[in-house]
Structures are given as structure tokens and as C-alpha cells.
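A.B. asks: What follows is a single structure, and I will ask about it in a moment.
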Amino acid sequence: MPANGTNGQGVGMTDQEIWELITYIRSVEVKAPAKPIGDATHGKELFYGDANCSLCHMISGKGGRLGPELTSVGGNRTVEAILDSVRNPSRRLAWGLTEPTKEFAQEYETVTVVTVNGKEIKGVILNEDHFSVQMMDTNEQIYLLEKDKLRSFQKSRESMMPKYDAAVLNDKDLGDVVAYLINVGGK
Amino acid sequence: MSVTSNCVALPCGCFQRPLRFAFFSAETRHLNRGDRREVPQRALRRAFGPRLLAALISFLAPCILLGPFACQAGAQVTFERLLNSAKEPQNWLTYSGDYAGRRFSPLDQINPGNARTLVAKWVYQTAGTGKLETTPLVVDGVLYATGQDDRAFALDGRTGRPIWLYQRQLPSDIRPCCGRVNRGFAILGDKVVFGTLDAHLIALDAKTGSVIWDVAAADYKLGYSFTAAPLAVKNLIVLGVSGGEYGVRGFIDAYDATTGERKWRFNTVPGPGEPGHDTWEGDSWKVGGAPAWNTGTYDPSTNQLFWPTGNPAPSNRGEGRAGDNLYSNSLLALNADTGKLNWYFQYTKHDEHDWDATQVPVMIDTGSKHLIVQANRNGFFYVIDRANGKLLSANAYGKITWSDGKDAEGRPVANQGAKPTLEGHTVCPGALGVTNWMAPTYDPQTGLFYVTAREQCDIFSTAPQPYEAGHAYYGSAYFPSDKAEPYWGALRAIDPATGQIKWEFRHPSPSWSGALSTAGGVVFTGDAEGNFIALDAQSGKALWHFEMGGEVYASPMAFAVDGKQYVAIAAGSAVYSFGLP
């Protein structure tokens with residue numbers, strides 16, 4: 020098989036047709052489970068409050084920018100996938116982006132650099148090639164850096180998002196946050 | 002540049018119909034069509050006077066009548082020119098730049114000392130969607146390339162301005178497995194020839210882009226298509242078919258360049274009574290795949306074509322096709338005149354991982370050794386004796402888990418643990434191989450072989466799949482592996498003598514770009530992030546790069562016009578040209 024850079028999936032289809040199909044499948048997805056898995060109102064309070072989700076994640080224009088924007092995540096991810104993303108935030112990152120998902124340029128890889136002046140900056144990669152890196156630090160400052168002018172450049176597959184185990188966010192509260200995400204994403 | 006130099010050397014007819022593009026002459030660039038026709042007569046009158054001119058015309062009358070033929074023969078891209086492509090380094094006459102498949106340009110203006118000053122010279126947007134895999138040809142200042150959906154175009158090599166555009170009207174139900182792509186033309190005489198996604202071979206007039214002949218090679222509804230660039234040899238156009246994903250029965254064809262008549266076909270899956278037929282179980286040979294979807298090479302000294310073949314079908318399921326499955330994943334040495342098989346070497350027997358062996362087989366001569374080398378999709382770099390097909394060495398040049406042993410001939414063999422299962426398990430390299438169709442290059446000056454390597458492992462699974470005509474026939478699926486390292490890539494420089502990697506230039510993600518080496522000591526390649534990159538051929542040090550704004554799925558080439566060297570590559574939906582300021 021010659022392979023088309025899209026992992027060979029979608030035989031006989033153009034890249035555009037594959038994405039049209041994906042878009043269609045997403046459009047007919049069930050937007051919310053039949054049974055709510057938690058209290059969405061409490062989930063929203065947690066999201067913007069004690070659980071600190073909004074420090075890094077944005078929903079409908081409100082929240083942080085360091086992590087993925089989550090407005091629609093409840094409409095196109097399974098409950099299990101969302102739960103897993105919170106409990107094991109590094110797991111998906113460890114895979115690396117597959118070619119079909121490269122349409123989404125950002126992978127939220129963790130990066131630590133030391134500039135020529137000795138300043139250490141830690142954040143997520145917005146974009147990268149062999150020669151340069153664009154990154155955002157925890158203060159949402161964006162840096163456009165040339166790699167050959169850095170003292171060090173270190174990438175990590177360990178997500179900057181802390182692992183939310185049951186001690187940090189118990190199962191009920193997590194269910195409430197997921198209910199909120201589904202409530203928003205299903206609209 | 003000299004526009005009609007080949008023509009005026011001929012005894013007759015050239016003024017009648019200069020075949021080259023007269024408007025490329027500095028003198029005639031601004032003339033309209035009528036004016037151009039007048040120029041030779043005015044010049045002749047000035048040179049000989051009216052009376053002498055009349056005598057000359059009557060003396061040359063038979064010649065003038067035959068003129069177009071005489072001129073075509075002189076000014077066209079003859080087989081002689083293809084044989085001696087190194088003598089015209091300003092041109093790029095075949096897919097790989099020469100018959101040996103080296104993708105090496107003898108041009109040396111761009112060197113490690115000045116490469117940092119390279120600038121973009123022009124960009125040609127195809128107006129098509131989807132990726133470009135083409136390698137342009139350049140003949141006497143004119144660039145010929147193919148594009149998405151079987152479009153084709155000729156450009157002024159200095160400016161990128163179009164001369165003509167051809168667009169194939171494709172049926173709506175073609176079956177390209179992996180993009181509506183084409184990798185380029187062959188040129189012979191006054192024709193540029195390419196294969197289409199609906200499995201036709203088409204010859205276009207190099208001057209106008211109009212169709213001279215159009216022949217159907219196979220039924221596209223069964224999954225046959227052409228994506229590779231053909232190779233012109235003598236008066237033949239040689240081309241292998243694509244479609245291993247659909248259970249085609251592969252073949253390599255040769256067509257008369259003048260008429261389009263098919264002169265021979267080599268079936269890459271032997272039929273009943275033919276040698277190798279017994280390497281297929283039952284009727285599996287009928288849908289056995291073994292396509293030949295890349296461009297081979299040619300050895301004039303033995304009149305042999307070296308053509309590589311692809312996977313057996315279904316690609317990831319061996320049940321139902323017990324045996325070695327000849328001539329899948331093989332290197333074939335064919336008599337160029339007849340298509341008769343002289344010898345073969347099968348890289349991967351009874352393949353269940355889609356280890357297509359269609360990578361360009363490159364001829365290398367070192368001392369008295371006449372070798373053919375290939376960086377195979379399965380992750381091994383093979384060195385073969387060109388005289389007899391005997392394997393001399395096979396060394397891994399990427400991460401390998403599918404094989405940990407070799408047979409008596411030294412051929413890597415699959416281990417049982419790598420066999421695809423229903424549940425699936427991780428195998429390296431991944432489904433797309435350590436390399437794929439992107440072209441490697443061999444630099445005779447450094448003696449190094451450069452190839453794009455992909456470090457990626459995948460989960461291979463298999464499941465029964467009945468054959469249905471014209472439908473996908475994989476017998477499998479594959480997935481990203483969460484046990485694998487994140488993907489990355491590199492351009493690697495391999496010493497063919499030892500198989501050792503001398504250096505690598507890393508990419509943050511696997512690249513689909515081929516590579517070009519040049520006599521200036523600069524190797525060019527591209528990356529998935531859209532960069533075109535110049536590297537020091539000796540050290541691999543980056544000398545220069547340019548962000549083209551689109552992922553590279555093509556292999557670079559070099560040419561010169563008006564004495565200036567250019568390097569060209571396709572990225573995104575455009576062709577880019579670069580040169581010194």
C-alpha cells in the first residue's frame with residue numbers, strides 16, 4: 020500500500036472526504052447521555068472554583084488558555100474518555116499525535132527551555148519544527164524561540180496538568196464536572 | 002541560453018519548425034507569434050541576400066519538406082540524451098534525474114559556503130486541492146510536472162509562469178488508495194507521458210499539452226490506477242501499476258512511445274504454468290497484488306530494467322495465500338526490450354505487514370563492484386549484486402521488531418511474534434514503514450546514500466476479508482500504539498559499504514519528503530512542518546531552511562536556466578523554486 024500520510028484509513032477517499040465524513044459522524048452523535056451522570060450545576064462551580072479547571076481550560080470564552088478549550092468536548096468524547104483524561108492526563112499525550120489527528124496542530128506537549136540569558140521557561144508547545152518553537156508559559160505568555168539560540172530545550176510527554184486522582188477530586192465531584200461538560204458540549 | 006542550438010546544427014528544416022520554445026530566447030521573448038515566424042527569414046535574407054536565398058531554398062526544398070521530422074529528431078529528448086543525462090546537468094530528464102536512480106545533480110553553484118543565502122525564486126500554485134507528490138522534469142528551461150487529479154503543467158523554469166495546463170477528466174468512481182496523486186512525467190521525443198488514476202497512459206505534446214495518444218492499460222473499476230512516473234527507455238515508455246489495496250494482479254508495462262501500442266507486459270503475479278505460480282495458494286494469485294507503483298531504474302550496459310514491486314494482497318493477512326507469493330516485494334531484473342525476467346530478489350517473503358518494496362533501487366558502482374541498493378520500507382538497507390541478484394548485505398537503518406533473524410541467503414525473516422493477530426499488537430516499523438515512496442539519493446562524491454526515515458510503531462491486526470471486486474482488500478487494520486514512543490523522523494546518511502549510519506538530521510515528526518544530493522556538496526530535503534532544508538552533505542549540518550507553508554510529500558530536483566542553478570520541490574498544493582540571489 021503506498022500510504023497517503025493519513026495512516027491508510029479511508030481507502031479510496033480524499034483527505035477532504037475523510038474529514039467531511041468525520042464531521043458528519045460528529046454531527047449525528049448523541050449529544051448527551053440519556054441519564055445525567057452528575058450535577059452539572061455543581062460541576063460548573065467546581066470547574067470555575069475549587070477544582071481549578073478554569074485556570075487552564077476555557078469554556079465559552081471564559082477560562083485559561085494553557086490547556087485545550089473544552090466547550091465542545093462533552094459533545095464529541097465519550098464519558099469514559101473524559102474521565103480518563105482527568106484521571107490520567109498524560110496518557111493520551113504519551114501516544115503522540117497520529118497523522119490523521121495532525122489537523123489539530125497543538126498537542127500540549129510540555130516543554131522546558133533555558134534561554135541564552137539563563138531564564139528557564141516551562142509551558143506547552145503551541146507549534147514546533149526542527150528550527151523553532153512557539154510556546155506558552157503558565158502565565159499565558161507566548162514565546163517565539165529559535166532553538167539554536169537556546170541553552171537547553173527539553174520536551175516531555177508528562178502533561179502539565181496535574182493528575183486528578185480521587186484524593187484531589189472524588190468520583191462524585193468528577194461526575195459533576197463531566198455532567199457540566201456534557202451539558203455545555205451537547206448544546 | 003541557447004534556444005535553437007541543436008536545431009541549427011542540423012542540415013535542414015530547423016528554421017521551419019524550431020521545436021524548442023522560441024520565446025525563451027532573450028532575443029525573441031517579446032515577439033508575438035507572427036513576428037517569431039518572420040525572424041529566421043529576415044535573418045536569412047540579411048545573411049545571404051535575396052538571390053542566394055532563392056538558390057538555397059531550392060537546394061534545401063526536400064529538406065524543408067522533411068524539416069519537421071529532421072528537426073524533431075535533433076531537438077527532442079532522444080534516448081541518447083537520456084543515456085547521457087550527466088552531460089546536460091542543467092536538465093532533469095527522468096524521475097530520478099538519471100537512469101541509475103541516484104537523484105544526484107551535477108550542478109555545483111549552491112555549496113555549503115553560500116547555501117545560507119538561498120532565496121525563493123518563484124511559486125506555482127496548482128489551484129488543486131490535496132497534496133503534490135510530483136518530481137518535475139526540466140528540459141531546456143521548461144519545467145514539466147503533474148499534479149492532483151491528473152492535472153499537468155509546463156512552466157517557464159526562470160519565472161514559474163505557465164505555458165500550458167492539462168486537466169484529465171476523470172471518472173467519478175476512480176479508486177486511488179492514497180490520495181489523488183501523481184509522481185511525474187517521462188519525456189521522450191516531443192512527448193511528455195504520464196499514467197492516470199483511471200489506469201490510462203497519456204502522451205501529451207510537450208509544446209502544447211494536447212493529447213497525442215491515450216491508451217487504457219487496465220480496468221480502473223477493479224482498483225487499477227497509475228501514480229508513478231514512467232521511465233522512457235529506447236522507444237519505450239515503462240510503467241508499473243498501482244492498486245495493491247484492491248487485490249489487483251500487478252504488472253509492469255512497456256508502450257511504444259510513438260503510437261502508444263503496448264509492446265510487453267510482465268505480470269508480477271505469475272499465472273498458471275509460469276515459474277513462481279506455485280508460490281500462491283489456490284486461486285489467490287488472481288488477486289495477489291504485487292503492484293509496481295514506483296519508478297524503477299535502467300542499466301544500459303546490460304539493457305536491464307530494475308523494477309521494484311509492492312505487497313501481496315491482502316496486505317496484512319497471510320491466510321489463504323500460503324507460500325512466498327512471488328513476485329511481491331521483489332526486485333525484478335527485466336530485459337528492457339522484451340520484459341523477460343532475468344533474475345529476481347524477494348526482499349520479504351509472504352509479507353503480512355505491508356512491507357512494499359517499491360522504493361527506488363539505486364545503482365552504485367564501486368571499483369569493480371556493480372551494486373544495486375535499496376532502503377526498504379521494512380527497515381533494512383539491502384545491497385545486491387547487480388549481475389545476478391545475489392544479496393550481499395542487509396542492515397537495519399531504523400527501529401525494527403518484525404525481524405530478528407536471517408535466512409541462509411542473509412535475508413531478514415519475520416519472527417512469529419510479529420505476525421498480525423485478531424487483537425493486534427505493536428510492531429516496528431509501523432504500517433507506513435521506516436521509509437516509503439519518497440525518493441532517496443546517492444551522492445557519488447561523498448559515497449553516502451541519504452534516505453528519509455520514519456520512527457513510528459503501530460498495532461497490526463488482521464481479520465478475514467473476502468475479496469470483492471473493486472473494494473478495499475487489506476484483511477487488516479492498524480492503529481497508533483499507546484505503547485510506542487511518539488513518532489519522529491530523520492534524514493539519514495548511510496554508508497553503503499558498511500550499512501552504518503554516518504549522520505542523521507532529526508525531524509520533530511516523520512517526514513514524507515524525498516532527498517536530493519548535488520555536486521555542490523549540499524543535500525536538500527523537506528519536512529512535515531513545511532520546511533525546505535539544505536544540509537551539508539558531509540556532516541548533515543543544517544545550512545538553510547525556508548518555511549513553504551505546506552507539508553512536503555514530494556522529492557526535490559535541481560536544474561539550471563541561463564547558467565543559474567535552481568532547486569525545486571512541491572509542498573502543499575504548490576511547486577517552489579529556489580536559487581542564489
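In the order they appear, the protein sequences are chains H and C. Under our numbering, the letters of the first sequence match residues 20 to 206, in that order. Under our numbering, the letters of the second sequence match residues 2 to 582, in that order. Positions of the beta carbon are idealized from the N, C-alpha and C atoms, including for glycine.
#1: With DSSP collapsed to three states, give me the class of aspartate 408 of chain C.
#2: Cβ closer than 8 Å: which chain C residues qualify as neighbours of phenylalanine 150 of chain H?
#3: Are the C-beta of histidine 508 of chain C and some C-beta of chain H separated by less than 9 Å?
#4: Measure how close the beta-carbons of glycine 244 of chain C and tyrosine 225 of chain C come, nearest whole angstrom, since I'm counting them as under 8 Å.
#5: Could you run through the stretch 158 to 187 of chain H and flag, in chain order, every residue whose CB is less than 8 Å away from some CB of chain C?
#6: Below 8 Å, how does it come out for the stretch 557 to 574 of chain C and the stretch 136 to 144 of chain C: are there three or more Cβ pairs, yes or no?
#7: State buried or exposed for asparagine 377 of chain C, treating a residue as buried only when at least 16 other CB atoms are found within 10 Å of its CB.
#8: Tell me, to the nearest whole angstrom, how far the beta carbon of isoleucine 373 of chain C is from that of phenylalanine 307 of chain C; I am working on the premise that it is less than 8 Å.
#9: Of the residues C:Arg117, C:Val78 and C:Arg82, which one's Cα is nearest the Cα of alanine 535 of chain C?
#10: Aspartate 215 of chain C and alanine 204 of chain C: beta carbons closer than 9 Å?
#11: Taking the alpha carbon of glutamate 552 of chain C as the point to measure from, which residue in C:Ala559, C:Ser514, C:Ser106 and C:Val193 has its own alpha carbon closest?
#12: Give the secondary structure of serine 514 of chain C by DSSP, where H, G and I count as helix, E and B as strand, and everything else as coil.
#13: Show which residues of chain C have a CB atom less than 9 Å away from the CB atom of glutamate 88 of chain H.
#14: Taking C-beta pairs closer than 7 Å, name the residues in chain C that glutamate 147 of chain H reaches, listed in chain order.
#15: Taking a contact to mean a Cβ-Cβ separation below 9 Å, would you say threonine 310 of chain C touches threonine 280 of chain C in this structure?
#16: Counting along the chain, where does the alpha helix (DSSP H) carrying alanine 59 of chain H start and finish?
#17: What residue range does the alpha helix (DSSP H) around alanine 100 of chain H cover?
#18: Using 9 Å as the limit for Cβ to Cβ distance, is aspartate 537 of chain C near chain H?
#19: Please classify alanine 116 of chain C: does DSSP put it in a helix, a strand, or coil?
#20: Rounded to the nearest angstrom, what separates alanine 334 of chain C and phenylalanine 346 of chain C at their Cα positions?
#21: Give me the Cβ distance between arginine 176 of chain C and tyrosine 221 of chain C, rounded to the nearest whole Å; I'm assuming they're in contact under 8 Å.
#22: Which residues share a DSSP beta bridge with tyrosine 398 of chain C?
#23: Tell me, please, whether the CB atom of proline 487 of chain C is closer than 9 Å to any CB atom in chain H?
#24: Going by DSSP, what residues sit across from asparagine 326 of chain C in a beta bridge?
#25: Which partner residues of glutamate 139 of chain H appear in the DSSP bridge assignment?
#26: Any idea which residues DSSP pairs glutamine 347 of chain C with across the strands?
#27: So is aspartate 300 of chain C in contact with chain H if we call contact Cβ pairs under 9 Å?
#28: For lysine 287 of chain C, count neighbouring Cβ atoms within 10 angstroms of its own Cβ and tell me buried if that reaches 16, exposed if not.
#29: Rounded to whole angstroms, what is the Cα-Cα separation between glycine 24 of chain H and proline 276 of chain C?
#30: Measure the beta-carbon distance from valine 143 of chain H to tyrosine 127 of chain H and round it to whole angstroms, keeping in mind my assumption that it falls under 8 Å.
#31: Just how far apart, CA to CA, sit threonine 130 of chain C and arginine 152 of chain C?
#32: State the start and end residues of the unbroken alpha helix (DSSP H) segment that holds lysine 191 of chain H.
#33: Going along the stretch 325 to 352 of chain C in order, which residues come within less than 8 Å of chain H, judged by CB to CB distance?
#34: So aspartate 528 of chain C contacts chain B; which residues on that side make the cut at Cβ distance below 8 Å?
#35: Give the range of the beta strand (DSSP E) segment to which valine 239 of chain C is assigned.
#36: Hey, out of C:Trp545, C:Leu108 and C:Tyr443, whose CA is closest to alanine 121 of chain C's CA?
C.D. replies: Judging by the given coordinates:
#1: coil
#2: Asn532, Ala543 and His546
#3: yes
#4: 5 Å
#5: Arg176
#6: yes
#7: buried
#8: 6 Å
#9: C:Arg117
#10: yes
#11: C:Ser514
#12: coil
#13: By Cβ distance, chain C contributes nothing, its closest Cβ being about 23 Å from glutamate 88 of chain H, past 9 Å.
#14: Pro509
#15: no
#16: 59 to 67
#17: 98 to 106
#18: no
#19: helix
#20: 9 Å
#21: 6 Å
#22: Looking at the DSSP assignment, tyrosine 398 of chain C forms no beta bridge with any residue, so it has no partner.
#23: yes
#24: Partner(s): none; asparagine 326 of chain C has no beta bridge.
#25: H:Val133
#26: C:Ser331
#27: no
#28: exposed
#29: Any answer about glycine 24 of chain H is weak, because its pLDDT of 42 lies below 50 and its placement is not dependable; what the coordinates show is given next. Between glycine 24 of chain H and proline 276 of chain C, the C-alpha separation is close to 36 Å.
#30: 5 Å
#31: 11 Å
#32: 190 to 204
#33: none
#34: Absence of chain B from the displayed structure is noted, the protein chains being H and C.
#35: 237 to 241
#36: C:Trp545
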